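Protein chains in written order, with the UniProt record's numbering: chain A, 1 to 213; chain B, 1 to 213.
Note that beta-carbon positions come from the ideal geometry of N, C-alpha and C, so glycine has one too.
Predicted, not measured: the structure shown is a model, and the values here were computed from it.
Presented below is the structure to which this report refers.
There are 2 protein chains.
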Amino acid sequence: MKTHTIVIVEDHILLSQAIASLVDSFKDFSVLYTCKNGKELLTKLKTPNNIPDIILMDVNMPILNGIETTEIIKNEYPEIKVIALSVEENDVTIIKMLKAGAKGYLLKDVEKDILELALIETIKNGYYHTKDVSNILINSLNDDDSGKIQLKDREIEFIIHTCSEMTYKEIAEKMFLSPKTIDGYRDNLFQKLNVKNRIGLVLYAIKNGIYKL
Amino acid sequence: MKTHTIVIVEDHILLSQAIASLVDSFKDFSVLYTCKNGKELLTKLKTPNNIPDIILMDVNMPILNGIETTEIIKNEYPEIKVIALSVEENDVTIIKMLKAGAKGYLLKDVEKDILELALIETIKNGYYHTKDVSNILINSLNDDDSGKIQLKDREIEFIIHTCSEMTYKEIAEKMFLSPKTIDGYRDNLFQKLNVKNRIGLVLYAIKNGIYKL
DNA sequence: AATTTAATGGGTGTTTTTCCCCTTTTTTGA
DNA sequence: TCAAAAAAGGGGAAAAACACCCATTAAATT
Numbered sequence: 001m002k003t004h005t006i007v008i009v010e011d012h013i014l015l016s017q018a019i020a021s022l023v024d025s026f027k028d029f030s031v032l033y034t035c036k037n038g039k040e041l042l043t044k045l046k047t048p049n050n051i052p053d054i055i056l057m058d059v060n061m062p063i064l065n066g067i068e069t070t071e072i073i074k075n076e077y078p079e080i081k082v083i084a085l086s087v088e089e090n091d092v093t094i095i096k097m098l099k100a101g102a103k104g105y106l107l108k109d110v111e112k113d114i115l116e117l118a119l120i121e122t123i124k125n126g127y128y129h130t131k132d133v134s135n136i137l138i139n140s141l142n143d144d145d146s147g148k149i150q151l152k153d154r155e156i157e158f159i160i161h162t163c164s165e166m167t168y169k170e171i172a173e174k175m176f177l178s179p180k181t182i183d184g185y186r187d188n189l190f191q192k193l194n195v196k197n198r199i200g201l202v203l204y205a206i207k208n209g210i211y212k213l
Numbered sequence: 001m002k003t004h005t006i007v008i009v010e011d012h013i014l015l016s017q018a019i020a021s022l023v024d025s026f027k028d029f030s031v032l033y034t035c036k037n038g039k040e041l042l043t044k045l046k047t048p049n050n051i052p053d054i055i056l057m058d059v060n061m062p063i064l065n066g067i068e069t070t071e072i073i074k075n076e077y078p079e080i081k082v083i084a085l086s087v088e089e090n091d092v093t094i095i096k097m098l099k100a101g102a103k104g105y106l107l108k109d110v111e112k113d114i115l116e117l118a119l120i121e122t123i124k125n126g127y128y129h130t131k132d133v134s135n136i137l138i139n140s141l142n143d144d145d146s147g148k149i150q151l152k153d154r155e156i157e158f159i160i161h162t163c164s165e166m167t168y169k170e171i172a173e174k175m176f177l178s179p180k181t182i183d184g185y186r187d188n189l190f191q192k193l194n195v196k197n198r199i200g201l202v203l204y205a206i207k208n209g210i211y212k213l
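In structure tokens, the structure reads:
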């Protein structure tokens with residue numbers, strides 16, 4: 001049986017190397033190389049013979065994150081299968097990643113045997129999902145506010161400023177809008193996101209990666 | 001040369017196993033066993049022949065976190081050397097961990113060679129520190145609000161409620177205190193933590209693990 | 001061309017938050 | 001045990017946040 005090649009994209013070097021060591025210990029898989037972020041990966045892929053069978057991709061990375069990178073891979077290298085690897089159990093993130101074209105989504109607290117199984121199944125069937133992730137997906141489909149909340153750029157900008165300990169007056173100045181418009185943004189978002197006050201906005205923003213700590 | 005034994009304490013199983021695979025590939029080290037949290041570790045340590053030379057300890061874990069666990073290890077098994085392993089670059093966390101008795105603090109984005117070096121040096125000298133962490137420590141010593149911020153239980157309770165989208169009136173009722181006392185808590189904390197408003201409290205709480213999303 | 005929808009902003013009021021200065025009670029430590 | 005410090009509570013006022021109303025304009029739909 002031939003050996004399949006894996007590329008690992010993960011910004012924490014130690015984890016990257018640790019997972020590489022693990023993958024290399026699997027019977028039919030070997031690590032081709034590792035990258036620290038999406039940008040580095042795209043550069044490497046341009047070189048011939050650098051195309052792996054599977055990419056293990058972290059979701060949260062600087063420079064070019066897993067979602068954006070996967071999107072690009074799907075379009076430019078559709079034959080490569082991407083498996084997301086993340087601590088994020090967040091519904092929205094998982095859905096985004098799968099929409100972007102990931103063939104699987106592994107939470108970082110799975111066993112190594114599951115990782116090996118995921119690699120094997122992905123080679124064989126083209127995809128693999130754990131029960132955990134499947135359940136999250138099913139729940140989120142029944143859930144009102146999972147996929148469909150779509151914030152506008154201007155609203156996101158407003159939220160980020162709110163998270164930065166600014167008053168609405170200050171935000172209005174920064175965004176070149178009347179305080180009254182900001183009032184409207186706030187009222188709107190409170191309703192749309194179902195929160196009670198600014199704190200709720202901040203929590204939402206952090207949970208959904210809109211505002212980074 | 002004899003082989004030194006390592007125990008890994010890390011809640012994300014895959015990472016735990018991946019790091020184990022890495023450590024086992026080092027010349028003079030082998031993994032004795034792995035644990036998912038501090039509680040599990042303390043149970044295992046009670047069995048004879050389960051005492052490792054070094055414990056690689058994650059800082060953020062459920063049940064019994066790295067700081068508390070390290071504190072206990074220091075008192076009960078002072079001969080075991082604990083090296084903290086974390087993504088947290090947060091000054092306060094690092095200082096807490098070192099105060100608790102950790103002999104080293106590795107950020108999760110170090111190279112595997114550094115991990116091996118840290119293990120070797122810790123066996124040889126009893127401690128190891130990367131330049132990164134040393135710099136953070138030096139900076140934090142010159143910094144006013146690094147190590148000395150010590151929140152009282154009641155203050156932490158107040159902050160958690162603030163993070164829960166409650167008004168101060170509601171918090172006062174919940175904590176059986178006068179709204180005016182809550183006023184005092186707030187004023188105090190704003191000054192102590194150097195924030196401008198409730199949002200600042202929320203950010204501080206999330207950054208420092210006081211409030212979990 | 002007519003209608004809807006989205007973005008902007010105004011008016012007016014209530015509630016909450018924030019700030020500053022103060023007293024009383026309880027706890028702590030020397 | 002006595003003084004100091006910390007915790008709890010208070011008054012009053014200004015600022016900010018929140019709620020709900022509605023008007024205008026521009027853009028998108030139909």
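Asked: Is there contact here, the stretch 167-185 of chain B with the stretch 182-190 of chain A, by at least three beta-carbon pairs under 8 Å?; Found: no
Asked: Within 10 angstroms of the Cβ of A:Arg-198, are there 16 or more other Cβ atoms? Answer buried if so, exposed if not.; Found: buried
Asked: Any beta carbon from chain A within less than 8 Å of B:Asp-28's own beta carbon?; Found: no
Asked: To the nearest angstrom, how far is it from the Cα of A:Ile-136 to the Cα of A:Ser-21?; Found: 30 Å
Asked: In whole angstroms, what is the alpha-carbon distance linking A:Asp-145 and A:Ala-102?; Found: With a pLDDT of 44 at A:Asp-145, under the threshold of 50, the modelled position of this residue cannot be trusted, and the question is left open.
Asked: Are at least three pairs of beta-carbons, each pair with one atom in the stretch 41-52 of chain A and one in the stretch 37-57 of chain B, less than 8 Å apart?; Found: no
Asked: Can you pull the chain A residues whose beta carbon is under 8 Å from the beta carbon of B:Arg-186, in chain order?; Found: Residues of chain A passing the Cβ test: none, with the nearest at roughly 13 Å.
Asked: Does B:Asp-143 pass the burial test, meaning 16 or more other C-beta atoms within 10 Å, or should it be called exposed?; Found: With a pLDDT of only 48 at B:Asp-143, under the threshold of 50, the placement of this residue in the model should not be trusted; the figure read from the coordinates follows. So B:Asp-143 ends up on the exposed side.
Asked: So the alpha helix (DSSP H) B:Ala-172 belongs to, where does it begin and stop?; Found: 168-175
Asked: Considering just the uninterrupted stretch of the alpha helix (DSSP H) at A:His-161, what are its terminal residues?; Found: 153-163
Asked: Could you name the residues that DSSP lists as bridge partners for B:Lys-81?; Found: B:Ile-54
Asked: Whole beta strand (DSSP E) runs in the UniProt domain "Response regulatory" (5-123) of chain A with 3 or more residues, listed along the chain?; Found: 29-35, 54-58, 81-86 and 104-107
Asked: Leaving aside the five residues before and after B:Glu-157 along the sequence, list all residues of the same chain whose C-beta is less than 7 Å from its C-beta, in chain order.; Found: Met-175
Asked: Whose C-alpha, out of A:Asn-60, A:Gly-66, A:Ile-67 and A:Thr-34, is nearest the C-alpha of A:Ile-51?; Found: A:Thr-34
Asked: Apply the 10 Å Cβ neighbour rule to A:Glu-10 and answer buried if 16 or more other Cβ atoms are within range, or exposed otherwise.; Found: buried
Asked: Would you tell me roughly how many angstroms separate the C-alpha atoms of B:Gly-147 and A:Leu-32, rounded to the nearest one?; Found: For B:Gly-147, the predicted structure reports a pLDDT of 45, less than 50, and the residue's modelled location is therefore unreliable. The matter cannot be settled from this model.
Asked: Can you find the residues in the same chain that come closer than 6 Å, C-beta to C-beta, to A:Ser-164, ignoring five residues on each side of it along the sequence?; Found: none
Asked: Can you grab the Cα-Cα spacing for the pair B:Val-87 / A:Asn-37, in whole Å?; Found: 16 Å
Asked: Is B:Leu-56 near B:Ile-123, with beta carbons less than 8 Å apart?; Found: no
Asked: If the criterion is Cβ atoms closer than 8 Å, does the pair B:Leu-115 and B:Leu-106 meet it?; Found: yes
Asked: Any beta carbon of chain B sitting closer than 8 Å to that of A:His-12?; Found: yes
Asked: When you compare only the Cα positions, how much space is there between B:Met-61 and A:Pro-48?; Found: 42 Å
Asked: On the premise that B:Ser-25 lies in contact with B:Thr-3, defined as a C-beta separation below 8 Å, what is that separation, rounded to the nearest angstrom?; Found: Between B:Ser-25 and B:Thr-3 the Cβ distance is about 13 Å, and since that is not below 8 Å, they are no contact.
Asked: When you compare the CB of B:Ala-18 with every CB in chain A, is at least one pair closer than 8 Å?; Found: yes
Asked: Note down, in chain order, all residues in the UniProt domain "Response regulatory" (5-123) of chain B with a beta-carbon under 7 Å from any beta-carbon belonging to chain A.; Found: Asp-11, His-12, Ile-13, Leu-14, Leu-15, Gln-17, Ala-18, Ile-19, Ser-21, Leu-22, Ser-25, Val-87, Lys-108, Asp-109, Val-110, Glu-111, Lys-112 and Leu-115
Asked: Over the uninterrupted alpha helix (DSSP H) stretch that includes B:Asn-188, give me the two end residues.; Found: 179-193
Asked: So that I know if they touch, is there some Cβ in chain B lying closer than 8 Å to that of A:Gly-209?; Found: no
Asked: In terms of residues, what are the limits of the alpha helix (DSSP H) holding A:Tyr-128?; Found: It is not in any alpha helix (DSSP H) - A:Tyr-128 carries neither H nor E in the DSSP assignment.
Asked: Quick check on the burial criterion: 16 or more other C-beta atoms within 10 angstroms. Buried or exposed for B:Gln-191?; Found: exposed
Asked: Leaving out the 5 sequence neighbours to the left and right, which residues in its chain are closer than 6 Å to B:Ile-159 when beta-carbon positions are compared?; Found: Leu-201, Ala-205 and Ile-210
Asked: By the 9 Å beta-carbon criterion, what residues does the stretch 154-182 of chain A contribute toward chain B?; Found: Thr-162, Cys-163, Ser-164, Glu-165, Met-166 and Thr-167
Asked: Would A:Asn-135 count as contacting chain B if we go by Cβ distances under 8 Å?; Found: no
Asked: Output yes or no for whether 8 Å exceeds the beta carbon distance between A:Leu-15 and B:Lys-108.; Found: yes
Asked: If you reduce the DSSP assignment to three classes, tell me which class A:Ile-136 lands in.; Found: helix
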